[in-house]
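Novice:
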Amino acid sequence: MTEPKPQEESSPPLKRRRRLWWILAGLVIATIILLAATPFAIRWGIEKALSDQGAPNAQVKDVDFNPFTGVLVIKAFRGNVQSEQQRLAAVQIQAQIDWFPLWQKNIYIPEIALRDVDLHLQRDDNGSWTIGELNLPSESESGKKPEEDEDKADGKEPWGFGIGQVALENVRIHYRDPKIVVNARVANARLGSFETWSPEQATPFDLDLTVNQGRIRLEGETRPLSSHPEASARLRIDQLPIGWLQPLLEEHSVSQLSGNFDTDLQIAMKTDQETSLPGFSVEGSIGLDSASLDHSQAGIGHLELTWDGKTKVRLLPEEAPPEWSVDGDLHLLSESLQWTDDVTERSAGGDMELTQRICAQQKNQEALEASLDGSLHLAGLNYRDLQVSLKRGSLTWEGNVALEHSTRKPQPAIEAQGTLAVPDLALDLIEAGYGIAQQKFTADIKVEVPAEGAPAEQLGLAATLSLEGLDISNLRQESKLLQLERFTVTDLDMAGMNSIGAASIRLDNLRAVERKNRETLSTHAPDAVLSSGRIELTQASLKELKALRTKELQIEDLNAWVLRDKDGRIEAVQALAPSAREDGPDTGVQEKPSADAETDSESHFEFSLQRFLLAGDNRIDFIDRSVTPEVHQTLSDLSLEATGIDNSKPGQDTRITAKSHVGEHGILNLDGSLNPFGDQFSSDLLLKLRNINLSAVDGYLRKAIGYRFKSGRLDGEINGQVENDLLDSNLDLVFAQLEVEAVREEDQTEASGELGVPLGTALNLVRDSDGTIHLDIPIQGDFNDPAFRIGKVVRTAVFQTLKKGMVSYYAPLGASLLTGAALPAGAIWAVGKLYDMATTLRFDPMLFGPGEYNPTEQQQQKLKEMAQLLQDRPDARLVVCGIAAPPDLEVLRAERAESQDNKKDEGAASTGESKPEPSPPASEEEKQAMYELARQRAGTVQTSLIEAGIAEDRILTCSPDYQSQQQAQPRVELGI
């Protein structure tokens, strides 16, 4: 048997195996060395990179890398080991790489985690950044622009990228720039898996962040790699301060800002399938709590704001404006709002509370629709400028406002419906000199404002208004001009400016023009010039600003105090125009409008009032101090009704009825119609007066003719008949116990010149037996006559009536002048003094035969008729004057020359128609005989009058008189 030969040690297969083992051993050793050195290399690389970027003292304490699991952990990272304050530090940074997807050209990192990181970010004035210990130059310093990616698609399949999770825990970020400082801490942050090879996969995320002591939490999911990206998240912010933003607003003069911001929002983003443009929706609440702001011109002491609703935005292609919608509740509370403007010297302030349900949307490029439903409250309002001062005020609105706006029309269409209230208001019109205050104003309103270009009648307003406690004052005179308890407008309806109407306009307890110095001459003297319990206008309408029509105007409990001062000015007018006396002297001359202006006004404006009613307890006091003594007359228990007032119907009559007490015991009644709007004025009015005290208007009589009323009462009827501007009226007046006297002697002479006798005498001559004077006075005139003055016409008519009354009563007895010539019936004449008596009315003289002194039977009958007439004129006194003449002297001389048988001279027994021959003047003895004859004649006439029934004290006898003129006749003169 042959034994085998041993194999050679250096055979080729053995060598190859040994070499392979050595290679494998070397690879293992190299791998071990590489694995052992990799953490050190990573550590050195990080420190080297940071050193190159300006952090030479950066340090990484430990790096763990497991290539089999792909886990990399960096521990105790510090940006500068020599600094006590670390600007860049991390306790642990961990990342993991999955190797297997690399075979499919996918880079997948299962996890990246940062824990306990401190990061300082700083930006200087030049815009340079410092991140931790790394200094990054600003773009202006680097001068470099980012290069565009030159890699082009080469048709190869791109590498994929994916991350399983990114986690941050306890990451502190400190940001500082020249204006603000922000300290933030990420307690937890998670970003879930996203992979480019699974683009439709949802990536969840959450964040728990604290910023300047405010907490921010965000959680949701997103599909950022999808062909149509979308995302949804919930954002919650709790008590985030806003004061740190104040330095950013300093350039806008904001010196102080504080407050806290809160939100709880559900946010969603979705890409449109057709346009690939995103749409956004935000739903939830936003709040701002305890905010305040100080500005150089404005300030907010306290502000709270909350919003709870939903907002949607959808982007449109071709740069079209986005479509959007808002639907939610807004509440805004702001206290101590202040605003000032030193340039214009304006300031304003107040508190505001706004609560609104807001719905708004813009569906296309042209239409915007919005609706606000809620309330607005403004309180403690104040405003002041050079012309206006709002000292206090408040406002409340509750209702809905709808808006529709088209981009083609700059003015939107607006509709509003709700209740507006102004509980308190005090406003001063500084330049005008008036103050306005009111306690409460409310209005139930519905308003429709059309868009620009719409017909004017589309402007609509429907409202019911109520105003309480209105007070308007004159600031310069410190007096009240108007006080009103309540003002209401019911069912106000407005269709453009062409149609305005209201069911009722009412004023309650009106007081106009306060009177500081109340009069003492009347216990009824009010503290206001005008007051009324109620003024109401019903069913009023204004058409095209040219026609005002109303059903009824009713005034109740009117009290008016009309005072005319010594200069003839009306008290109320002076109070209402305080600035007139300051701007210039009051000349009393008012500028008369042009004829064209009057014509235009009358022809274009129409007014109609179906009924005017003055009811209730009404009183008007009229005081005139421009005359002496001053006149004070009162109309009380006054009522008035007028119907058919319409200037658009010139042929229609206005019916008027009125009644009133005049003074204490007088009564006034008015009834009739008038036509004030025709081309020519016409009227048919009957005014009845009863028991009117004339002494109350004594001042007017003194001013007119210089006489005063000592006493007197007036009854009568005044027929105000006017036809086509022609006055044809009649005054049927009855005066009782009327006594007048001249204030001065020259006044008596002036009146006597117009009447022919003194006024007192004229009145006595027409006075009845019961002391009354009845005058029937016709008054005529033409209103178109420039010389026509109603006062002058009435005075002339009264005097003419007195003249006629004096004569006509005694006309049957005839009248004569001093010459003895007969006068026509109805004439009037004046004589000189008789027995130093005033002028008197005289009748035809009673002629006697020469030497005779007994009246004939015919003369006796005439005396009886005269006595009968005088019975009805108790204030009239009869003057009897006996007169001797030359025929009487001739008879006396003839009797003495002839025998003692008392034979009558035939010449002396004649009728006196022949003229005696001239004879020598009467001796003193003969004159005494003539005086005795004249006395006997007067005595026999006086005796006859007494026997006829005239009281002896009503008959005055003159001193006997002898008239030596040859034409004189023996007679007895009779006068009243």
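All residue numbers for the sequence shown refer to UniProt numbering, where the first residue is 1 and numbers rise by one. Even for Gly, the Cβ is constructed at its ideal location relative to N, Cα and C. No experiment lies behind these values; they were computed from the predicted model shown.
1. Starting from D621, follow its DSSP beta bridges and name the residues at the other end.
2. Between which two residues does the beta strand (DSSP E) holding K310 run?
3. How many angstroms separate the CA atom of N902 from the CA atom of E895?
4. How would you label M497, buried or exposed, when you count the other beta carbons within 10 angstroms and need 16 or more for buried?
5. Output the distance between the C-alpha atoms of L425 and S394, rounded to the nearest integer angstrom.
6. Could you give the C-beta distance for T761 and V734, rounded to a whole number, given that I count them as a contact under 8 Å?
7. Which residues bound the beta strand (DSSP E) around T340?
8. Please state the DSSP three-state secondary structure of G907.
9. Quick one: grab the DSSP three-state call for V743.
10. Ignore the nearest five residues each way along the sequence and tell me which others in H665's own chain have a CB closer than 8 Å to its CB.
11. When we look at the beta-carbon of K862 and count the other beta-carbons within 10 Å, is it buried (16 or more) or exposed?
12. Grouping DSSP H, G and I as helix and E and B as strand, with all else coil, what is S128?
13. Can you check which of these residues, D567, V697, F612, Q297, is closest to E345 by C-alpha distance?
14. Which term fits H120, buried or exposed, when burial requires 16 or more other beta carbons within 10 angstroms of its beta carbon?
15. At the 9 Å Cβ level, is T643 part of the contact set with chain B, yes or no?
16. Please name the residue in Q201, R569, L738 whose C-alpha comes closest to that of K710.
17. Which runs of the beta strand (DSSP E), 3 residues or longer, sit entirely within the region 157-197?
18. Is the separation between the beta-carbon of V171 and that of E111 shorter than 9 Å?
19. Can you give me the Cβ contacts of A821 inside the same chain, cut-off strictly under 6 Å, excluding the 5 residues immediately before and after it?
20. How is the alpha helix (DSSP H) around V891 delimited, first residue to last?
21. Between E973 and the rest of its own chain, which residues show a CB-CB distance below 7 Å, the 5 nearest in sequence each way excluded?
22. In or out: N364 buried (at least 16 other Cβ within 10 Å) or exposed?
23. Out of curiosity, what's the CA-to-CA distance linking R954 and V798?
24. Note down, in chain order, each residue of its chain lying with its Cβ closer than 7 Å to the Cβ of L945, except the 5 sequence neighbours on either side.
25. Spell out the partners DSSP gives N693 in its beta bridges.
26. Relative to the alpha-carbon of Q246, which residue among I535, P970, S292 has its alpha-carbon at the smallest distance?
27. Near H405, what residues of its chain come up, given a Cβ to Cβ distance below 6 Å and the 5 sequence neighbours on each side ignored?
28. Let me know the alpha helix (DSSP H) ranges lying completely inside the region 190-246, each 4 residues or longer, listed in chain order.
29. What residue does the alpha helix (DSSP H) around A867 start on, and which one ends it?
30. Would DSSP call R611 helix, strand or coil?
31. Go through its chain and collect everything with a Cβ distance to L640's Cβ below 6 Å, but skip five positions before and after it.
32. Could you pull out every residue in the same chain whose Cβ sits closer than 6 Å to the Cβ of I500, ignoring the five residues on either side in sequence?
33. If you run the structure through DSSP and keep just helix, strand and coil, what is D116?
34. Got a sec? Which residues, its chain only, sit under 8 Å from I242 by beta carbon, not counting five neighbours each side?
35. Would you call the region 934-948 and the region 956-964 touching, i.e. three or more CB-CB distances under 8 Å?
36. Relative to the C-alpha of T538, which residue among L530, R549, E544 is closest?
Specialist: Taking the structure as given:
1. W561, T634
2. 298-314
3. With a pLDDT of 47 at N902, under the threshold of 50, the modelled position of that residue is not reliable, and no figure is offered here.
4. exposed
5. 7 Å
6. Actually they are not in contact, since the Cβ atoms of T761 and V734 sit about 20 Å apart, beyond 8 Å.
7. 323-341
8. Residue confidence is low: G907 scores 43 on pLDDT, short of 50, so the model does not pin down where it sits. Its coordinate-derived value is still stated next. Residue state, collapsed to three classes: coil.
9. coil
10. N691, N693
11. In summary, K862 is buried, with 16 or more beta-carbon neighbours lying within 10 Å of its beta-carbon over all protein chains present.
12. coil
13. Comparing Cα positions, the closest option is Q297.
14. buried
15. Given the protein chain composition of this structure (a single chain), no chain B is represented.
16. L738
17. 160-163, 166-176, 181-191
18. no
19. Low local confidence applies: a pLDDT of 33 at A821 is under 50, so the model's placement there is unreliable, with the coordinate-based value given in what follows. Within its own chain, no residue has a Cβ closer than 6 Å to the Cβ of A821 once the five positions on either side in sequence are excluded.
20. 886-897
21. R842, P845, C881, I883
22. exposed
23. 28 Å
24. L863, A867, L878, I955
25. R713
26. S292
27. L368, P412
28. Listed in chain order, nothing qualifies, since the region 190-246 has no complete alpha helix (DSSP H) run of 4 or more residues.
29. That run of the alpha helix (DSSP H) goes 857-871.
30. In the structure shown, R611 falls within a strand segment according to DSSP collapsed to helix, strand and coil.
31. L614, A658
32. M494, L542
33. strand
34. L257, S258, G259, N260, F261, L288, A291
35. yes
36. By alpha-carbon distance to T538, the top candidate from L530, R549, E544 is R549.
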